[in-house]
Structure formats: C-alpha cells, structure tokens
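Trainee: Last residue of the sequence shown? That's 442 in this note's numbering, and every number before it is there in order. Questions regarding the structure given below will be posed in turn.
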Amino acid sequence: MAMWVILPLLVLAAAIWWLIATNPIARFDNGAPPVEALTVERTILDQNGLRLLVRAGGSEPMTIAQVQVDAAYWEFTQTPAGPIARGDTAWVSLPFPWVLGESHRITFITNTGAAFEHPIPVAVATPVATSGNLISQAILGGFVGILPVAVGLMFYPALRGAGPATMDFLLALTVGLLGFLIVDTLEDALEFAAQAAAVFQGQAMVVLTAAASFLLLMAVSRRQGRPSGLALAGYIALGIGLHNLGEGLAIGAAFAAGAAGLGTFLVIGFTLHNITEGIGIAAPILKVRPPLRTFAALTLLAGGPAVAGIWLGSLAYAPHWSALALAIGAGAILQVIVEVGALLARNRGGVSAAISAPPVLAGLALGVAFMYLTAMLVKV
Numbered sequence: 063m064a065m066w067v068i069l070p071l072l073v074l075a076a077a078i079w080w081l082i083a084t085n086p087i088a089r090f091d092n093g094a095p096p097v098e099a100l101t102v103e104r105t106i107l108d109q110n111g112l113r114l115l116v117r118a119g120g121s122e123p124m125t126i127a128q129v130q131v132d133a134a135y136w137e138f139t140q141t142p143a144g145p146i147a148r149g150d151t152a153w154v155s156l157p158f159p160w161v162l163g164e165s166h167r168i169t170f171i172t173n174t175g176a177a178f179e180h181p182i183p184v185a186v187a188t189p190v191a192t193s194g195n196l197i198s199q200a201i202l203g204g205f206v207g208i209l210p211v212a213v214g215l216m217f218y219p220a221l222r223g224a225g226p227a228t229m230d231f232l233l234a235l236t237v238g239l240l241g242f243l244i245v246d247t248l249e250d251a252l253e254f255a256a257q258a259a260a261v262f263q264g265q266a267m268v269v270l271t272a273a274a275s276f277l278l279l280m281a282v283s284r285r286q287g288r289p290s291g292l293a294l295a296g297y298i299a300l301g302i303g304l305h306n307l308g309e310g311l312a313i314g315a316a317f318a319a320g321a322a323g324l325g326t327f328l329v330i331g332f333t334l335h336n337i338t339e340g341i342g343i344a345a346p347i348l349k350v351r352p353p354l355r356t357f358a359a360l361t362l363l364a365g366g367p368a369v370a371g372i373w374l375g376s377l378a379y380a381p382h383w384s385a386l387a388l389a390i391g392a393g394a395i396l397q398v399i400v401e402v403g404a405l406l407a408r409n410r411g412g413v414s415a416a417i418s419a420p421p422v423l424a425g426l427a428l429g430v431a432f433m434y435l436t437a438m439l440v441k442v
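This is the structure in structure tokens:
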C-alpha cells in the first residue's frame, strides 16, 4: 500500500526535476517581456513624504526602476531592495512634499518599461496610533456599531408580551434585515477583492471563505440540535458583529486614504441603519428572562467589532484582509438566516405555511425595506 502512495510522488518529483534541469520552455521564448503586475496595498503620508506598500504579481520577479509623482521623477528607496518576487511585498519611500487636500498620482515604472499607476484622491496625513486618535475612533465605532444595537435591544421589555403572530413577524423581520446584510456584505467583499493583488484570486477567496464560514458555524450550531433562544440570539449577534467588523474596516480605510469625511448626518445614518439589528437579536429571547449582563454581552458581540474594524482599517489596512473579514461575515449571516428560517418553519408547521403567512411576509418585506431605505443615508 505504501509503495502505491510513494510511487506517484516520486514520478511527480522526477518530472519537476527534469523541467528545472532542462528548461524546455526556453525554446518558446520570443523575446517578449514577462507578465508583470503591481498592487499598492497601503499608502502612508507623513512629514517625511510618501510610503507605499506594494505587492508584486506576474510570472517573474519584477524590479521597480523609476517612480513618478504627478509626472515628475523622484528618487526613492525600496525596503527590501532588489527584485520583488511573485507574491512578495516591499515598501517604497519617496521624500515627496505632498499638499494637504490635493490629489496626487504615483506611477511605478519597472525595468521592462511597464507602468503601474496609483492615485491618491485627497492627500491627508495618515492616522497614527495615539491615545487621542484611538479614543476618537472608539467613540465613532460606538455610535455606528454599539449604540444602535443597544437601542434595538432596549425594545425587549416592550416586545416581551408579543403573541405568536408578532413573534413570527419579528423573526421574519430578522431574516429580512439579514438578507439585506448578506447582499451588502458580499457586494463590499467583492469590491475589496477586486482591489487586492491578483495572486489572492479575490472572487474565489470570497466565495470559498464565505462557504467555509457558513459550514463551520452550521457544524458548531448543530452539535446539540437546532439552536433557539439565547443560543440563536448569540449566533445572530456574531453574524452582525462580523458584518460590523467589515463595515468598520471600510470606514477606517476611507479615513486613512482621505477618501471620506464622516459628518454628523452620516453618523446618524449609520445609527438608524443598524437599529433593527438589536431588535433582530432580541427576537429569539422574548420568551426567556436573561440577566442584564447577557444583554451587555450581546451588544458588545454585535457592535464592538465596529470599533476594532475602524482601528484596524485606519492603521493597518489591506484590501484582501477587508475582503476576507467580510466574506467570513457573509458566511456567518447565511448561517443565521438558515437557523432563524428553520425556527420560523417549526413555529408555522412547515416551510410552505411559513412563507405564505401574512405576518412572515410583512416582516420580511419591512426588514428588507428598512435596511434598503436607511442604507441610502450612508452610501456616498
């Protein structure tokens, strides 16, 4: 048995050795330059000029020969120096006197003559990890993540006396808002994946990560039967929290790039947009009386990741990490939709009865409509 495992591996090793030793591909060389790709993953603006983290793609190691800023050549230093291997990164530093509020365009030119452009839409100093910045970002994260979830959960006492029809309406409302969130999350994940280096295979990474997240959480949640009550509320909070992590990453990255100014109206929009998340978390626990600390834990689980996301996005942003976080969130949200949908079906005596019940249809429609309309306040 062992021989039949080792034999194909030996054949594969021999074939690779022969390919390297003889290099038969060389006869197809027609003098064309190798395929090259360069992605800028992070841009830092400070008093010393510009620093850019670049990742190489393509078929061969590539060498940055010259760098232009606004069509003028500038001296630069690269760390580490020399050719950048496929998939590797390097920091490129330029002593360029950028102008606050102005736009700049950087062009990287390789030794083969290939050019790669990177725009800076609005030049602003990159945030640094000072106590003042971290506190300000935490306050913002609290407003867009923690506060709306807490406000939604505060409806819990008013909803405790809900009858079966109202309970089904609230569960369907939860499915509706989560349905909107999964579409919104996947859209953002694919947008970030398109900005990532090709070596990460962005679209495939998003789909596979979301599927793995969904399957893993389904396996965990079904270990002791179908979740309900507090367990289901915890999974809803987890799915919303992972979505808010990705949302925070996007906000922090926009600030770091100078691409967004978050005014009071926009903060209010985020708060209104997320209020129904708290109601959705409360829906499965209306028949139990959890202690106050449970509500605090659910609030932090669902809203706290927004704070961490803003910190990470402004201080250590990369598009593939944002895409990965959002994909994990999408898988978690899909798991919650399945579980809440299963609970609704059990309450109504079957899937067909559930989807035809007026309270369920009204809840689904209102959940999607509210999230869609409030999303208009935060799309810029």
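Even for Gly, the Cβ is constructed at its ideal location relative to N, Cα and C.
#1: Are alanine 220 and glycine 303 touching if we call contact CB-CB under 8 Å?
#2: Consult DSSP for proline 181 and reduce its assignment to one of helix, strand or coil.
#3: Return the first residue and the last residue of the alpha helix (DSSP H) that aspartate 32 is part of.
#4: What does the Cβ neighbour count give for serine 384, buried or exposed, with the cut at 16 atoms within 10 Å?
#5: So for proline 130, helix, strand or coil by DSSP?
#6: Check the DSSP bridge columns for alanine 99 and list the partner residues they point to.
#7: In chain order, what residues of the same chain have a beta carbon less than 6 Å from the beta carbon of alanine 345, not counting five sequence neighbours either side?
#8: Isoleucine 68: buried (16+ other C-beta within 10 angstroms of its C-beta) or exposed?
#9: Figure out for me which residue from Ile126, Leu360, Thr139 has the closest Cα to the Cα of isoleucine 298.
#10: Taking alanine 443 and glycine 403 to be in contact with their CB atoms under 8 Å, please state how far apart those CB atoms are, rounded to whole angstroms.
#11: Going by C-alpha to C-alpha distance, which of Ala274, Glu122, Val261, Gly340 sits closest to alanine 295?
#12: CB-CB under 8 Å to alanine 147, same chain, minus the five flanking residues each way: which ones, in chain order?
#13: Looking only at its own chain, which residues have a Cβ that is under 6 Å from the Cβ of alanine 416, when we skip the five neighbours before and after it?
#14: Measure the Cβ-Cβ separation of alanine 131 and phenylalanine 158 and say whether it is below 8 Å.
#15: Between the C-alpha atoms of leucine 386 and histidine 305, what's the straight-line distance to the nearest angstrom?
#16: Scan the stretch 185 to 224 and note each continuous alpha helix (DSSP H) run of 4 residues or more that stays entirely inside, going in chain order.
#17: Is methionine 433 closer than 8 Å to leucine 239 when the C-beta atoms are compared?
#18: Threonine 105: which of Arg167, Val211, Leu426, Glu309 sits nearest, CA to CA?
#19: Give the straight-line distance between the Cα atoms of glutamate 401 and leucine 278, rounded to the nearest whole angstrom.
#20: Who are the near neighbours of alanine 177 in its chain, counting only those whose CB is closer than 6 Å to its CB and skipping five residues on each side?
#21: Looking at the secondary structure, which residues open and close the beta strand (DSSP E) in which phenylalanine 138 lies?
#22: Return helix, strand or coil for glycine 111, following the three-state DSSP convention.
#23: Who are the Cβ neighbours of glycine 207 in its own chain at under 6 Å, not counting the five residues just before and after it?
#24: Exposed or buried, which one is asparagine 336 when buried takes at least 16 other CB atoms within 10 Å?
#25: Could you tell me the distance, in whole angstroms, from the CA atom of glutamate 98 to the CA atom of glutamate 137?
#26: Quick one: give me the first and last residue of the alpha helix (DSSP H) that threonine 356 is part of.
#27: Could you check whether isoleucine 78 and glycine 241 sit closer than 8 Å to each other, using their CB atoms as the reference points?
#28: If you measure between the beta carbons of leucine 311 and threonine 436, is that distance less than 8 Å?
#29: Taking the beta carbon of proline 181 as the centre, do at least 16 other beta carbons fall within 10 Å, making it buried, or is it exposed?
#30: In the DSSP output, which residue or residues are listed as bridge partners for serine 155?
#31: Within the same chain, show all residues whose beta-carbon is closer than 6 Å to that of alanine 389, passing over the 5 residues directly before and after it, in chain order.
#32: Which residue's Cα is closest to the Cα of isoleucine 212: Ile343, Phe262, Leu248, Leu428?
#33: If the criterion is Cβ atoms closer than 8 Å, does the pair methionine 229 and leucine 348 meet it?
#34: Span of the beta strand (DSSP E) holding phenylalanine 170?
#35: Measure the alpha-carbon distance for arginine 355 versus glutamine 140 and round it to whole angstroms.
#36: Measure the Cβ-Cβ separation of glycine 113 and serine 165 and say whether it is below 8 Å.
Mentor: Based on what the coordinates show:
#1: Against the sequence shown, residue 220 aligns to sequence position 158. Against the sequence shown, residue 303 aligns to sequence position 241. No, Cβ-Cβ distance for alanine 220 and glycine 303 is not below 8 Å.
#2: Residue numbering aside, residue 181 sits at position 119 when the sequence shown is read from its first letter. Residue state, collapsed to three classes: strand.
#3: This structure does not reach residue 32, given that the chain is present from 63 up to 442, and the question cannot be answered.
#4: Locating residue 384 in the sequence shown gives position 322, where the first residue counts as 1. With 16 or more other Cβ atoms within 10 Å, it is buried.
#5: As a working note, residue 130 is residue 68 in the sequence shown. The displayed chain sequence assigns glutamine, not proline, to residue 130. Looking at glutamine 130 - three-state DSSP - the assignment turns out to be strand.
#6: Here residue 99 is taken as the residue at index 37 of the sequence shown, counted from 1. Partner(s): Gly119.
#7: As a working mapping, residue 345 is identified with position 283 in the sequence shown. Excluding residues within five positions, the ones whose Cβ falls inside 6 Å are Leu232, Leu233, Thr236.
#8: Residue mapping note: residue 68 aligns to position 6 of the sequence shown, counting from 1. By the 10 Å Cβ count, isoleucine 68 comes out exposed.
#9: The residue you call residue 298 lines up with position 236 of the sequence shown. Here the closest residue by C-alpha is Leu360.
#10: With the chain represented from 63 up to 442, any question about residue 443 goes unanswered, as that position is not in the structure.
#11: Along the sequence shown, read from residue 1 onward, the residue named residue 295 stands at position 233. Among Ala274, Glu122, Val261, Gly340, the Cα nearest to that of alanine 295 is on Gly340.
#12: In the sequence shown, the residue the question calls residue 147 occupies position 85. Hits under 8 Å: Ala118, Pro123.
#13: By one-based count along the sequence shown, residue 416 stands at place 354. Excluding residues within five positions, the ones whose Cβ falls inside 6 Å are Leu406, Ala407, Arg410, Val422.
#14: Residue mapping note: residue 131 aligns to position 69 of the sequence shown, counting from 1. Residue mapping note: residue 158 aligns to position 96 of the sequence shown, counting from 1. First, the amino acid is wrong: residue 131 is valine here, not alanine. Against a cut-off of 8 Å, the Cβ pair of phenylalanine 158 and valine 131 comes out as a contact.
#15: Within the sequence shown, the letter at position 324 stands for residue 386. Within the sequence shown, the letter at position 243 stands for residue 305. When rounded, the distance between both Cα atoms is 11 Å.
#16: 193 to 203, 209 to 215, 218 to 221
#17: In the sequence shown, counting from the first residue as 1, residue 239 sits at position 177. In the sequence shown, counting from the first residue as 1, residue 433 sits at position 371. Yes, they are a contact pair.
#18: For the purposes of this step, residue 105 is identified with residue 43 of the sequence shown, where counting begins at 1. Ranking Arg167, Val211, Leu426, Glu309 by Cα distance to threonine 105 puts Arg167 first.
#19: Your numbering for residue 401 matches position 339 in the sequence shown. Your numbering for residue 278 matches position 216 in the sequence shown. Cα to Cα, the separation comes out at about 14 Å.
#20: The sequence position of residue 177 within the sequence shown is 115, counting from 1. So the qualifying residues of the chain are Thr169, Ile171.
#21: Along the sequence shown, read from residue 1 onward, the residue named residue 138 stands at position 76. Careful: phenylalanine 138 lies outside any beta strand (DSSP E) and carries neither H nor E.
#22: Your numbering for residue 111 matches position 49 in the sequence shown. Glycine 111: strand per DSSP, three-state reduction.
#23: Counting from one through the sequence shown, the residue named residue 207 turns up at place 145. Result list for glycine 207: Asn306, Gly365, Ala368, in chain order.
#24: As a position in the sequence shown, residue 336 is number 274, starting the count at 1. Buried is the call here.
#25: For the purposes of this step, residue 98 is identified with residue 36 of the sequence shown, where counting begins at 1. For the purposes of this step, residue 137 is identified with residue 75 of the sequence shown, where counting begins at 1. Approximately 22 Å, taken between the alpha carbons.
#26: Your numbering for residue 356 matches position 294 in the sequence shown. Counting along the chain, the alpha helix (DSSP H) containing threonine 356 begins and ends at 354 to 377.
#27: For the purposes of this step, residue 241 is identified with residue 179 of the sequence shown, where counting begins at 1. For the purposes of this step, residue 78 is identified with residue 16 of the sequence shown, where counting begins at 1. Contact flag unset, no.
#28: On the sequence shown, residue 311 is found 249 positions in, with the first residue counted as 1. On the sequence shown, residue 436 is found 374 positions in, with the first residue counted as 1. Cβ distance not < 8 Å, so leucine 311 and threonine 436 don't count as in contact.
#29: One-based indexing of the sequence shown puts residue 181 at position 119. Proline 181 comes out exposed.
#30: To locate residue 155, count along the sequence shown from 1; it is residue 93. In DSSP, serine 155 forms a bridge with Arg113, Thr139.
#31: Within the sequence shown, the letter at position 327 stands for residue 389. Excluding positions up to five away in sequence, the list reads Ala251, Val268, Thr271, Ala272.
#32: The count along the sequence shown starts at 1 and reaches residue 212 at position 150. Position check: residue 212 holds alanine in this sequence, whereas isoleucine was assumed. Residue Ile343 is the option with its Cα nearest to alanine 212.
#33: Mapped onto the sequence shown, residue 229 falls at position 167. Mapped onto the sequence shown, residue 348 falls at position 286. In this structure, the beta-carbon distance from methionine 229 to leucine 348 falls below 8 Å.
#34: To locate residue 170, count along the sequence shown from 1; it is residue 108. Taken as a continuous stretch (DSSP letters only), the beta strand (DSSP E) holding phenylalanine 170 covers 166 to 172.
#35: Working through the sequence shown from its first residue, we reach residue 355 at position 293. Working through the sequence shown from its first residue, we reach residue 140 at position 78. Rounded to the nearest whole angstrom, the CA to CA distance from arginine 355 to glutamine 140 is 51 Å.
#36: Here residue 113 refers to the residue found at position 51 of the sequence shown. Here residue 165 refers to the residue found at position 103 of the sequence shown. In the sequence as displayed, the identity of residue 113 is arginine instead of glycine. No, the Cβ-Cβ distance between arginine 113 and serine 165 is not below 8 Å.
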